[in-house]
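Presented below is the structure to which this report refers.
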Amino acid sequence: MRFFLASESGERPLASLLVNYALALAALGSIVYISFYDLTSRRGWGNVVDYRRLFVAGWFATIWISAIALAGSSALGVALALARRSPVFFLRDTSRVYTEVIRGTPLLVQIYILYWGIFHRLTIESPYMAGALILAGFHGAYIGEIVRAGIEGIGKSQLDSARAIGLTGTQTFCYVVFPQMIRRILPPLAGEFASLIKNSSLLSVIGVNEFTQAASNTNAYTFSTLESYFPLAIGYLVLTLPISLWTQAMERRTKFET
559 MRFFLASESG ERPLASLLVN YALALAALGS IVYISFYDLT SRRGWGNVVD
609 YRRLFVAGWF ATIWISAIAL AGSSALGVAL ALARRSPVFF LRDTSRVYTE
659 VIRGTPLLVQ IYILYWGIFH RLTIESPYMA GALILAGFHG AYIGEIVRAG
709 IEGIGKSQLD SARAIGLTGT QTFCYVVFPQ MIRRILPPLA GEFASLIKNS
759 SLLSVIGVNE FTQAASNTNA YTFSTLESYF PLAIGYLVLT LPISLWTQAM
809 ERRTKFET
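Everything in the sequence shown is counted per the working numbering, starting at 559 for the first residue and increasing by one.
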């Protein structure tokens, strides 16, 4: 029973973790198999396999775009969070207006307006680079609010205590604010990163041959809808699951008693 019950300390051996994950995946796989058994065929799967190179190329295109967008959105999010807390009214108000406009309009509309309007004016013709920048700008607004909420969630008494013992502003941020902030923002940050990867599927409207577009093209060629889109779910899971596991590991590393 030690594989299924938690100990008093909450620690789990690696063998227990692997066994329970394997059972959960087997149960989920069985449900999916039973659900789709009558709706798929060997011929359909065989047709889809013939287009595996298309899937691989689209998957790597999604990785490339998402990696650039993740880095850009993180940097933009931190900048927006700091600007919202700036004593300069122009920076504060500009950051707030940008955040509200981006969060209040659909990503698909932003893709059309930015790519066919602004980016063409700036001679950014590559849909891949434009798509990465659009995703970075969109999710940067959300990450900025996550980071700002994490900073402002630190109690004023802790900041006063840090000043009372002679810590500088930089030391206060490094030793008081940052350790608590990072643990608070990790769960919503993981969700935002996963959403960014999945939202890259919308870039097909501007001609980006990413993962979702590969599945759509395969479906158009083979007329095997379920067989074409099932690899899509697996591929996105492979991309988003490591982010979730990484943030959970970071949460455990930054955990402290209060």
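Beta carbons: idealized from backbone N, C-alpha and C, even for Gly. Keep in mind that this is a model prediction, so the values were computed, not measured.
| query | If you run the structure through DSSP and keep just helix, strand and coil, what is P664? | reply | Here DSSP, grouped into helix, strand and coil, assigns P664 to coil.
| T805: beta carbon under 7 Å from a heavy atom of the ligand ATP? | What this structure holds is no ligand at all, so the ligand ATP is not there to describe.
| Roughly how many angstroms separate the alpha carbons of M559 and G702, rounded to a whole number? | Because the pLDDT of M559 is 48, which lies under 50, any placement of that residue in the model is unreliable, and the question is left without a value.
| C-beta contact flag for T805 and A720 at 8 Å | No, Cβ-Cβ distance for T805 and A720 is not below 8 Å.
| Counting pairs of Cβ atoms below 8 Å between the region 766-786 and the region 601-621, do you hit three or more? | Touching, per the Cβ criterion.
| Inter-residue CB distance, L831 and L693 (contact presumed, cutoff 8 Å) | The chain is shown only over 559 to 816; residue 831 falls outside these bounds and no answer can be derived.
| field | I723 (DSSP reduced to helix, strand or coil) | value | Coil.
| message | Whether or not the region 669-680 and the region 719-734 are in contact is what I'm after, with contact meaning three or more pairs of Cβ atoms, one per stretch, closer than 8 Å; do they touch? | response | At 8 Å Cβ cutoff, the stretches do not touch.
| field | Burial state of F561 (16 or more Cβ within 10 Å) | value | At F561 the pLDDT is 49, less than 50, meaning the model places this residue with poor confidence; the figure from the coordinates comes in the next sentence. Classification of F561: exposed, given that the 10 Å Cβ count is below 16.
| Rounded straight-line distance, which links the Cα of F618 to that of M687 | So the alpha carbons of these two residues sit roughly 14 Å apart.
| message | Here's the rule: buried if 16 or more other CB atoms are within 10 angstroms of the residue's CB, otherwise exposed. What is F647? | response | The residue is exposed, with fewer than 16 neighbouring Cβ atoms inside 10 Å.
| message | Taking the beta carbon of L760 as the centre, do at least 16 other beta carbons fall within 10 Å, making it buried, or is it exposed? | response | Looking at its Cβ environment, which holds 16 or more other Cβ atoms inside 10 Å, L760 is buried.
| query | Nearest-angstrom Cα distance between I623 and S684? | reply | Roughly 12 Å between the two C-alpha positions.
| said: Going by DSSP in three states, P746 sits in which element: helix, strand or coil? | reply: The three-state reading of DSSP puts P746 in helix, counting H, G and I together.
| query | Hey, how far is the Cα of Q738 from the Cα of G713? | reply | The alpha-carbon of Q738 is positioned some 10 Å away from that of G713.
| C-alpha gap between T728 and I792, whole angstroms | Cα to Cα, the separation comes out at about 44 Å.
| task | Evaluate E658 with the Cβ neighbour count: other Cβ atoms within 10 Å of its Cβ, from every protein chain shown; 16 or more gives buried, anything less gives exposed. | result | By the beta-carbon neighbour count (other beta carbons within 10 angstroms, threshold 16), E658 is exposed.
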